[in-house]
Amino acid sequence: MDLLNTLVDKGLRRELPTRDEALAVLATSDDDLLDVVAAAGKVRRHWFGRRVKLNYLVNLKSGLCPEDCSYCSQRLGSTAGILKYTWLKPDQASDAAAAGVAGGAKRVCLVASGRGPTDRDVDRVSETIKTIKDNNEGVEVCACLGLLSDGQAERLREAGADAYNHNLNTSEATYGEITTTHTYEDRVDTVQKAHAAGLSACSGLIAGMGETDEDLVDVVFSLRELDPDSVPVNFLIPFEGTPLGKEWNLTPQRCLRILAMTRFVCPDVEVRIAGGREVHLRTMQPLALHLANSVFLGDYLTSEGQAGKADLEMIADAGFEVEGTDQVTLPEHRAAGGCHDGGDVCGSGGGGACGSDAAPEASEPRTAADARTDLVAVRRRGAGTDLAPNA
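The sequence shown runs contiguously to residue 391 in the working numbering.
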């Protein structure tokens, strides 16, 4: 396909595709899907080889959020039966982080529900960051605490944070349909604050909320303009008890096209398969490793993920290798040029259940209408519980 040859050439040169080219990737047929994956895979391997960066989430404070983000199980008014607890103590968070590091994670992502941190919250998280770094040599720490006020990003940086995550989630045009308690501009401002403080900026999206192809291209192009080092791609987990609880709009094939489009638009950036990969990619997860160079290990914020051991086996079986702490994630021109490294995902509450019942036999490919509600399992282990984490 001339389109794919053009996109590969542009990706190797870090040249921005046109909007029409990005839309054309999302419009490709299932017959062309493997060609799309192979093309985007060339760009991924050029910049990141066959390395896969592992990241591990620690939910510092779960539930009871005053914001009304429609996709989130922790939102105001959510009746999802998730774990709810206040701030973990620094040693509790460090113990949780250590499980992820022992499982191969290079980065620990500290997430807390809420609109944004108070100055006291920043002090609390700063102590947690220091404790984690003292107990886990070489680990990177990313914070995801919501909207930042002036000076807070600098304080997190001084405490040892390497990165800050705040996702755009969807296009500016449709943002008001997803959230009303803060604005798209608020989110952009927080990403810019992280950049300005010298933190590695991380910002991504959530697919599957009923958006159009144009919305997906809009948000990925906006991310390219913001220039974060890491772009997590979440796939909506339709939690019962949330406004989007019945939105099942994704197939494995569409998820792969979205990841490919993101790679073509952001060729030299850490693209991470984030919440929802087990639910929506399912057995196609290994193909997604040809597009993204980063994944979360084990469970997510409020839902269960694939077993950590299964993640590692999947990476090895697909012919990839886990990125070590002695390896630099980003290409040299980004890492050496003042660009920041890595990031996290916040708010999707995504994840799938390990060991779920097998899918029913079918003679035709699945469609988005074939909702796999059996793959959505609330996290009942790890942070905030007395049970061992999944890592």
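Heads up, the beta-carbon is just placed ideally off N, CA and C, and yes, glycines get one too.
Owing to the predicted nature of the structure, the values given are computational and were not obtained by experimental measurement.
* Does the stretch 80 to 87 come close enough to the stretch 212 to 226 to have 3 or more Cβ pairs within less than 8 Å? -> no
* **Those residues which DSSP pairs with Pro232 across a bridge** => To locate residue 232, count along the sequence shown from 1; it is residue 232. Beta-bridge pairing links Pro232 to Arg272.
* Asked: Straight-line CA distance for Ala161 to Ala24?
  -> If you number the sequence shown from 1, residue 161 lands on position 161. If you number the sequence shown from 1, residue 24 lands on position 24. For Ala161 and Ala24, the distance between alpha carbons rounds to 39 Å.
* **Leu54 to Phe296 span [Cα, whole Å]** => Position 54 of the sequence shown holds residue 54. Position 296 of the sequence shown holds residue 296. Cα-Cα distance, rounded: 6 Å.
* Asked: So Gly122 packs on Leu110, CB below 8 Å; how close in whole Å?
  -> For the purposes of this step, residue 122 is taken as the residue at position 122 of the sequence shown. For the purposes of this step, residue 110 is taken as the residue at position 110 of the sequence shown. Correcting the residue type first, residue 122 is Val in the shown sequence and not Gly. With a Cβ gap of about 12 Å, Val122 and Leu110 do not count as contacting.
* To do: Evaluate Arg19 with the Cβ neighbour count: other Cβ atoms within 10 Å of its Cβ, from every protein chain shown; 16 or more gives buried, anything less gives exposed.
  => Within the sequence shown, numbered from 1, the residue matching residue 19 stands at position 19. Burial call: exposed.
* Pick from Asp299, Leu281, Gly298 and Tyr300 that is closest to Ala404, judged by C-alpha positions -> No statement about residue 404 is possible, as the shown extent of the chain runs from 1 to 391 and does not include it.
* **Inside the stretch 115 to 161 only - beta strand (DSSP E) runs reaching at least 3 residues** => 140 to 144
* With burial defined as no fewer than 16 other Cβ atoms inside 10 Å of the residue's Cβ, what is the status of Cys354: buried or exposed? -> In the sequence shown, counting from the first residue as 1, residue 354 sits at position 354. Below a pLDDT of 50, predicted positions are generally treated as unreliable, and Cys354, at 28, falls in that range; no measurement from the model is reported.
* Asked: Using the C-alpha atoms, what's the distance from Phe235 back to Cys255?
  -> Position 255 of the sequence shown, counting from 1, holds the residue named residue 255. Position 235 of the sequence shown, counting from 1, holds the residue named residue 235. Cα to Cα, Cys255 sits roughly 8 Å from Phe235.
* Given 8 Å as the limit, is there contact between the stretch 134 to 143 and the stretch 168 to 180, that is, 3 or more CB pairs closer than that? -> no
* **Length at least 4, wholly inside the stretch 24 to 77: the alpha helix (DSSP H) runs in chain order** => 33 to 48
* **Own chain partners of Glu214 with C-beta closer than 8 Å, once the 5 adjacent residues on each side are dropped** => Taking the sequence shown and counting its residues from 1, the one referred to as residue 214 is at position 214. Closer than 8 Å at the Cβ level, and outside the excluded window around Glu214, lie Leu23 and Ser171.
* **Residue environment, Gln327, which counts as buried when at least 16 other CB atoms sit within 10 Å** => Mapped onto the sequence shown, residue 327 falls at position 327. The residue in question, Gln327, is exposed, as its Cβ has fewer than 16 Cβ neighbours within 10 Å.
* **Burial state of Gly308 (16 or more Cβ within 10 Å)** => Position 308 of the sequence shown, counted from the start, is the residue given in the question as residue 308. With 16 or more Cβ atoms within 10 Å of its Cβ, Gly308 is classed as buried.
* How would you call Met209, buried or exposed, if buried means at least 16 neighbouring beta carbons within 10 angstroms? -> Sequence index remark: in the sequence shown, residue 209 carries index 209 (1-based). The residue is buried, with at least 16 neighbouring Cβ atoms inside 10 Å.
* **Helix, strand or coil at Phe392 [DSSP, three-state]** => Here the chain has residues from 1 to 391 only, and residue 392 is not among them.
* Just the C-alpha distance for Ser395 and Val101, rounded to the nearest angstrom, thanks. => Since the displayed the chain opens at 1 and closes at 391, residue 395 lies outside it and no answer follows.
* **Beta carbon of Glu247 nearer than 8 Å to that of Leu375** => The residue given as residue 247 occupies position 247 in the sequence shown. The residue given as residue 375 occupies position 375 in the sequence shown. For Glu247 and Leu375, no; Cβs fall outside 8 Å.
* Alpha carbon to alpha carbon, how far is Cys65 from Asp317? -> Stepping through the sequence shown from its first residue, residue 65 is reached at position 65. Stepping through the sequence shown from its first residue, residue 317 is reached at position 317. One C-alpha to the other measures close to 40 Å.
* Can you tell me the Cα-Cα spacing of Gly41 and Thr325, whole angstroms? -> Along the sequence shown, one-based indexing puts residue 41 at 41. Along the sequence shown, one-based indexing puts residue 325 at 325. Cα to Cα, Gly41 sits roughly 24 Å from Thr325.
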